[in-house]
Structures are given as C-alpha cells and as structure tokens.
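Undergrad: This is the structure I want to talk about, given as structure tokens.
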Amino acid sequence: MTLRADQATVEVGDEVTFDVISKIISDRPDFVKERTIYYDFDGDGEWDLITKKDRVTHVYDTPSEDTL
109 MTLRADQATV EVGDEVTFDV ISKIISDRPD FVKERTIYYD FDGDGEWDLI TKKDRVTHVY
169 DTPSEDTL
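Position one of the sequence shown corresponds to residue 109 (the numbering used here), numbered consecutively onward.
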C-alpha cells in the first residue's frame, strides 16, 4: 500500500488530499467495498479518520515537522 499526498510541503491551514494506492490480493469480490482505511494525521497513535474512501482531504491546524 502507498499513501500519496498532493503536496510535499504544507502550511497551517492548507488542505491536503491523500490517495491510497493498493494492490488487491484478496479473492473476495466485496473486498474493495468492505475495506476500511485508518488515518492518523497527527501521528499521536489515535485514528483521526476511519473510512472506506481511498481519497480523503485533511486540513492541518497546528505546525509540525512531521513527514509522511
């Protein structure tokens, strides 16, 4: 699985779009529909978003030196 961001450098208040790119290795025909993706945008170990969408946006509201 690969997580891509549409920006390499982000300022506070910027909206970032994230895309999950994955190879499906399951035989289940409902795998993509049932797949759940967990996002931790601030790196605190808590899930900030749990969704089935492979494209999401997030606005960073605090400064950080973190990298993806």
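Note that beta-carbon positions come from the ideal geometry of N, C-alpha and C, so glycine has one too.
(1) Cα-Cα, which of Glu119, Val164, Asp138 is closest to Leu111?
(2) For Phe126, count the other beta carbons within 10 Å of its own beta carbon; 16 or more makes it buried, fewer makes it exposed. Which is it?
(3) When you compare the CB positions of Asp114 and Val128, do they come within less than 9 Å of one another, or not?
(4) Quick one: grab the DSSP three-state call for Glu123.
(5) Whose C-beta lies closer than 8 Å to the C-beta of Ile158 among residues of the same chain, with five residues either side of it excluded?
TA: To lay it out plainly:
(1) In the sequence shown, the residue the question calls residue 111 occupies position 3. Comparing Cα positions, the closest option is Val164.
(2) In the sequence shown, the residue the question calls residue 126 occupies position 18. Buried.
(3) Here residue 114 refers to the residue found at position 6 of the sequence shown. Here residue 128 refers to the residue found at position 20 of the sequence shown. Taking 9 Å as the Cβ cut-off, Asp114 and Val128 do not qualify as a contacting pair.
(4) On the sequence shown, residue 123 is found 15 positions in, with the first residue counted as 1. It is a strand residue.
(5) Taking the first residue of the sequence shown as position 1, residue 158 is located at position 50. Within the same chain, Ile158 has close Cβ partners Thr144, Ile145, Tyr146, Tyr147.
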